[in-house]
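What the sequence shown shows, in our numbering, is residues 19 to 259, in sequence order. For every residue, glycine included, the Cβ atom is placed at its ideal position computed from N, Cα and C. Working notes for the structure below.
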Amino acid sequence: MTAPELANLLALQDLDTHIDQQRHLRSHLPERAQLAEVEAELEKVRSARSELAVTLEEVAGRQAMAERELRATEERIAQVNSRLYGGTVSATRELQAMAADVEGLKNRASALEDTALGVMEEREPLDAQMAVFDQEIARLGERGEEVQARLRVAEAAVDAQLRELEGGRPGLAAAVPAELLSAYERLRGRLGGVAVARLVGGRCDGCHLSLPAVELDRIRHQPAAKVEYCEQCGRILVVGD
Ligand SMILES: [Zn+2]
19 MTAPELANLL ALQDLDTHID QQRHLRSHLP ERAQLAEVEA ELEKVRSARS ELAVTLEEVA
79 GRQAMAEREL RATEERIAQV NSRLYGGTVS ATRELQAMAA DVEGLKNRAS ALEDTALGVM
139 EEREPLDAQM AVFDQEIARL GERGEEVQAR LRVAEAAVDA QLRELEGGRP GLAAAVPAEL
199 LSAYERLRGR LGGVAVARLV GGRCDGCHLS LPAVELDRIR HQPAAKVEYC EQCGRILVVG
259 D
């Protein structure tokens, strides 16, 4: 039979392993990976959107400039026309010069109109793409919130499990002699959380190596309460019946 303190230590190890598994589960919940995916996608769309925003700003700037110049040219045409037909100027040469001026301004206005129209056409697909990005960002935002809500539910379930498991730990730890407990904690830190191994069929189930026959024989003839360590992995060995 296993000495009771070793049985308690084994129970503590099982509990700690269970707690470690729940903690691992908590940090590897599928919702967490889904959320990371949504965030990465969101990041991609946001970055494409800001690139597009720069292009759009440049195009909108050109459009505004063409429209501003067009307005100014039209105002200028109206001014010259009102002088031309206002009756205050009578010198033929001056009237001819003004008429030529209007002609030139009209050509300029027509060119500016073409420019403004061209920029508007250039801008249309960019505006449409911007709307697509905005929709995509809204959709991903909603999806992120939905995944986050599911993540919170899943975390709460694991947390409840953890609270229950951790609640049982002090009682079990108190049933293990202090010196053995501190050896256990030290080994757990060093050996990936598993400090206690069972000796099953001549093999340590911590490192899965078979113990030499001489060593097995020696351990089997020790008093049950004597603490033995696997000479290969260093874990506390608990010999079953
Ligand atoms: Zn071992």
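Practice task
Could you check what DSSP says for residue 245 in three-state terms: helix, strand or coil?
Solution key: coil
Practice task
Determine the extent of the alpha helix (DSSP H) in which residue 238 is found, giving its start and end residues.
Solution key: 231-238
Handout entry: Own chain, CB closer than 8 Å to residue 195, minus 5 neighbours either side, in chain order
Key = 23
Handout entry: C-beta atoms of residue 236 and residue 30 nearer than 9 Å
Key = no
Exercise for the section: Using the Cα positions of residue 116 and residue 86, report the straight-line distance between them to the nearest angstrom. Expected result: 23 Å
Exercise for the section: Mark residue 202 as exposed unless 16 or more other C-beta atoms lie within 10 angstroms of its C-beta, in which case mark it buried. Expected result: buried
Problem - Integer Cβ distance of residue 60 from residue 148, believed to fall under 8 Å - result: Not really, about 16 Å apart at Cβ, beyond 8 Å.
Practice task
Under 7 Å from any heavy atom of ligand 1, by CB: list those residues in chain order, please.
Solution key: 215, 222, 224, 225, 227, 248, 250, 251 and 253
Handout entry: CA-to-CA distance, residue 82 to residue 47, given in whole angstroms
Key = 51 Å
Exercise for the section: Determine the closest residue to residue 25 out of 245, 53, 170 and 77, with distance taken between C-alpha atoms. Expected result: 245
Exercise for the section: Just mark residue 206 as buried or exposed, buried being the case when its beta carbon has 16 or more other beta carbons within 10 Å. Expected result: buried
Problem - Simplified DSSP assignment, three categories, for residue 253 - result: coil
Handout entry: Counterpart residues of residue 215 in DSSP-defined beta bridges
Key = 255
Problem - Secondary structure of residue 228, DSSP reduced to three states - result: strand
Handout entry: Exposure of residue 137, with buried meaning 16 or more beta-carbon neighbours within 10 Å
Key = buried
Exercise for the section: Would you kindly report the start and end of the unbroken alpha helix (DSSP H) that includes residue 159? Expected result: 110-185
Exercise for the section: Would you tell me roughly how many angstroms separate the C-alpha atoms of residue 36 and residue 216, rounded to the nearest one? Expected result: 17 Å
Exercise for the section: Would you kindly work out how many angstroms separate the C-alpha atoms of residue 150 and residue 162, rounded to a whole number? Expected result: 18 Å
Handout entry: Proximity below 9 Å, CB of residue 234 to CB of residue 220
Key = yes
Practice task
Can you have a look at residue 91 and say buried or exposed, based on whether 16 or more other CB atoms are within 10 angstroms of its CB?
Solution key: buried
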